[in-house]
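Enquirer: Per our numbering, residue 12 is the first one in the sequence shown, and the count goes up by one each step. This is the structure I want to talk about, given as structure tokens.
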Amino acid sequence: MEGTRTPLVKWFSALYLMQTGISATLLAEIIQVTYKTAWLINHKLRHAIQVCDESRPLKGELQLYGDFYARPVMSGVFDPPDQRDQPAVVGASIDPESGEVAEVKIKRVSPDEFSRRLFGVDSFGTFLWRHVTDAKSDVQSIEIVRQSDSEGVTELGLIWRGVIGWLARTFGGIGPKHLQAYLDEFCFRINARPNSFEKLVSLCGLTQTVTLRDLVNKKKAVRSVRWSGLANYRQHKNAFQVS
């Protein structure tokens, strides 16, 4: 909020409304600002969420699910395939006592390294390298799950369906440039509930301000990296439970 010309009461209204996931068009109408201002507010808040998210790698008992996000075709405009089908991984730390999701991340990954048909840890190397702790003693197990199994839709499958539905209903789909910011926002609401408003206020006070130019000039590409622990995984398969 540093240097803002927008009244703080409107900022706090935006903070409160982000608990439901609101479009810039609707936000502009509710708090009476221009679309550009509403877009900037929303993306500055998403930036604060992303900075926090990158500092909290997953650990413990992990579940992973991978799929492709395809932005719906709107207004008859057909995007090239590389601009529509975006591979992403849903990863979660599982509470060992309840068996429920304790913390979740949904991250885009490189299409060159991910295949939906390969349900092995090798297909998730990019996600593991960037978003899972590198302290192997903090990773008890890694389980690759599907969207549904013999008991019905899995918990990660429900989360994936939830983010797809939210992006479609609220925004009519999202292109690749800012997709990650929206995925992180969705996960933030799951991880921070029931204190998402208080948590977001705190993040705004801890995160260095970002400019409109920085937000607009975000790169579309996903950095292709490899999990440094993959060799360890192959040598010590008994330390992981992959199914």
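Cβ atoms here follow ideal geometry from the backbone N, Cα and C, with glycine treated the same way.
Quick check on Gly240: buried or exposed, where buried means 16 or more other Cβ atoms within 10 Å of its Cβ?
Expert: Because Gly240 carries a pLDDT of 47, less than 50, the predicted location of this residue cannot be relied on, and no value is offered for it.
Enquirer: Which word fits Ala203, buried or exposed, when buried means at least 16 other C-beta atoms lie within 10 angstroms of its C-beta?
Expert: buried
Enquirer: Out of Thr15, Gln30, Ser24 and Arg16, state which residue places its alpha-carbon closest to the alpha-carbon of Ser207.
Expert: Gln30
Enquirer: Helix or strand or just coil, what does DSSP make of Glu40?
Expert: helix
Enquirer: Looking only at its chain, what residues have a beta carbon closer than 8 Å to the beta carbon of Leu69, apart from the 5 residues adjacent to it on each side?
Expert: Gly102, Ala103, Ser104, Glu114, Lys116, His142, Val143 and Thr144
Enquirer: Going by the CB atoms, is the gap between Thr137 and Glu124 shorter than 7 Å?
Expert: yes
Enquirer: In terms of alpha-carbon separation, which member of Leu51, Trp140, Val156 and Ala192 lies closest to Thr17?
Expert: Leu51
Enquirer: Helix, strand or coil: how does DSSP classify Ile33 here?
Expert: coil
Enquirer: Taking the alpha-carbon positions, what's the Leu73 to Val44 distance?
Expert: In a straight line, the C-alpha of Leu73 is about 42 Å away from that of Val44.
Enquirer: For a minimum of 4 consecutive residues, which ranges assigned as the alpha helix (DSSP H) are wholly contained in the stretch 154 to 198?
Expert: Secondary structure remark: continuous alpha helix (DSSP H) runs of at least 4 residues inside the stretch 154 to 198, in chain order: 166 to 182.
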